[in-house]
Amino acid sequence: MPTGHNPTGTVMPALRRQALAAIADAGRVTVVEDLTLADLVLGGASGPPPPLAALSTQVIAVGSVSKVLWGGLRVGWIRVSEPLRSAVIARKSALNLGTSVISQALAARLLAAVDAAWLGAHRAALTERRDLLTALISARLPAWRTAAPDAGLSLWAELPLDNADAFTLAAARQGVTVMTGTTACADGRHRHFIRLSFAEQPSTLELAVERLAAAWELHAETLAASPARPTPPAAAASPMVTIRIDSGPMA
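The opening position of the sequence shown corresponds to residue 445 in this note's numbering, with each subsequent residue numbered one higher.
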């Protein structure tokens, strides 16, 4: 995900895109580029940079309307050359016969209605919510470290813990759903990070941070009351945690 990487929200620089495309071409390596969040570049940027697929014939591009328009509309697409295109179509037909016609028709009408003005307003609203969540965390949870993402719907936060797994239980007791981060990290090096969505309404974000602050205080008290445990060896450290306070993209 070079544009709107999940969960960090980073955007790959142009020079690195060119280098990656050159490596793919030289080694004839197939690259799958996920463009699901590519239209959600934030902070006043004019729009997403050119995709990797524009730089190399070795890139397969996939996209979806689920993040830009509506999480309940599970319609995506793939851009690929022959003969792989025919193979993908045959495989999909064998798996589920076909995507709902109603969903496809609805997605087509929505995509036709999306213009630069709407997308710009959507990005501006998401940028405001990103900045609000960042400010709320800075004020209520100053021990957490965050960096404003350049794209996407999520804030990647670093907690001053060796392992944030136990904090997920404290957050759940306060009504904030927290997911384990192993689904977002293959090598398990980010066990002290969590992911927060800023796609909700401002009032929901304020309530979420209030509850997270309460969960953090209770978790700190629990840690202080627990007997000290030996620090595990460095080689054993790894998993991570992802936090979600979202039900999909902003309405």
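We treat Cβ as the ideally placed atom computed from N, Cα and C, and that holds for glycine.
Extent of the continuous alpha helix (DSSP H) to which Arg523 belongs: Taking the sequence shown and counting its residues from 1, the one referred to as residue 523 is at position 79. Per DSSP, Arg523 belongs to no alpha helix (DSSP H); it is in the beta strand (DSSP E), Gly520 to Arg523.
Please identify the residue among His634, Trp588, Leu605 and Arg633 whose C-alpha is closest to the C-alpha of Val653. Residue 653 sits at position 209 when you count from the first residue of the sequence shown. When His634, Trp588, Leu605 and Arg633 are compared, the shortest CA-CA separation from Val653 is found for Trp588.
What span of residues does the alpha helix (DSSP H) with Gly564 cover, start to end? Position 120 of the sequence shown, counted from the start, is the residue given in the question as residue 564. Here the alpha helix (DSSP H) through Gly564 covers Ala560 to Arg584.
Are the CB atoms of Gly596 and Leu513 nearer to each other than 8 angstroms? Taking the first residue of the sequence shown as position 1, residue 596 is located at position 152. Taking the first residue of the sequence shown as position 1, residue 513 is located at position 69. No. Outside cutoff.
What does a CB cutoff of less than 7 angstroms around Asp594 pick up in its chain, not counting 5 residues either side in sequence? Sequence index remark: in the sequence shown, residue 594 carries index 150 (1-based). Same-chain partners within the cutoff: Gly453, Thr454, Val455, Val485, Leu486 and Gly487.
Once you ignore the five residues that flank Val473 on each side, which residues in its own chain have a CB closer than 8 angstroms to its CB? Against the sequence shown, residue 473 aligns to sequence position 29. If we look at Val473 and ignore the five residues flanking it on each side, its Cβ neighbours are Ile467 and Gln502.
May I ask you to list the residues that DSSP assigns as paired with Ser598? Residue 598 sits at position 154 when you count from the first residue of the sequence shown. Per DSSP, Ser641.
Going straight from the alpha carbon of His636 to that of Glu602, what length do you get? Locating residue 636 in the sequence shown gives position 192, where the first residue counts as 1. Locating residue 602 in the sequence shown gives position 158, where the first residue counts as 1. One C-alpha to the other measures close to 6 angstroms.
Distance, Ala531 Cα to Leu599 Cα: Position 155 of the sequence shown, counting from 1, holds the residue named residue 599. Position 87 of the sequence shown, counting from 1, holds the residue named residue 531. Going by the C-alpha atoms only, they are around 37 angstroms apart.
One or two residues paired with Glu477 in a DSSP bridge: Taking the first residue of the sequence shown as 1, we reach residue 477 at position 33. Looking at the DSSP assignment, Glu477 forms a beta bridge with Ala505.
Met684 versus Asp469 - alpha carbon distance: Taking the sequence shown and counting its residues from 1, the one referred to as residue 684 is at position 240. Taking the sequence shown and counting its residues from 1, the one referred to as residue 469 is at position 25. Reliability fails at Met684, whose pLDDT of 37 lies under 50, so the model's placement of it is uncertain and the value that follows must be treated cautiously. Approximately 34 angstroms between the Cα atoms of the pair.
Can at least three beta-carbon pairs, one atom from the segment 604–617 and one from the segment 568–575, be found at a separation below 8 angstroms? Judged by pairs of C-beta atoms under 8 angstroms, the segment 604–617 does not touch the segment 568–575, as fewer than three such pairs exist.
Which residues bound the alpha helix (DSSP H) around Asp609? Locating residue 609 in the sequence shown gives position 165, where the first residue counts as 1. That run of the alpha helix (DSSP H) goes Asp609 to Arg617.
Which residues bound the alpha helix (DSSP H) around Asp469? In the sequence shown, counting from the first residue as 1, residue 469 sits at position 25. Counting along the chain, the alpha helix (DSSP H) containing Asp469 begins and ends at Ala458 to Gly471.
For Cys629, the nearest candidate out of Met445, Pro451 and Thr447 (CA to CA): In the sequence shown, residue 629 corresponds to position 185, counting from 1. Here the closest residue by C-alpha is Pro451.
Relative to the alpha-carbon of Pro604, which residue among His634, Thr621, Ser537 and Ala583 has its alpha-carbon at the smallest distance? For the purposes of this step, residue 604 is taken as the residue at position 160 of the sequence shown. The candidate whose alpha carbon is nearest that of Pro604 is His634.
Residues that Thr590 bridges to, as DSSP identifies them: Position 146 of the sequence shown holds residue 590. BP columns for Thr590 point to Ala601.
Under 8 angstroms between the Cβ atoms of Val622 and Arg655? Locating residue 622 in the sequence shown gives position 178, counting from the first residue. Locating residue 655 in the sequence shown gives position 211, counting from the first residue. Not in contact: Val622 and Arg655 (Cβ atoms no closer than 8 angstroms).
Contact check, Gly448 vs Leu496, beta carbons under 8 angstroms: Stepping through the sequence shown from its first residue, residue 448 is reached at position 4. Stepping through the sequence shown from its first residue, residue 496 is reached at position 52. No, the Cβ-Cβ distance between Gly448 and Leu496 is not below 8 angstroms.
How many Å lie between Ala643 and Pro446 at the Cα? The residue given as residue 643 occupies position 199 in the sequence shown. The residue given as residue 446 occupies position 2 in the sequence shown. C-alpha separation (whole angstroms): 20 angstroms.
Among Glu526, Ala569 and Val476, the one whose alpha carbon lies nearest that of Gly507: Indexing the sequence shown from 1 puts residue 507 at position 63. Gly507 has its Cα closest to that of Val476, out of Glu526, Ala569 and Val476.
So, helix, strand or coil for Val719, using DSSP? No answer is possible for residue 719: the residues shown for the chain start at 445 and end at 695.
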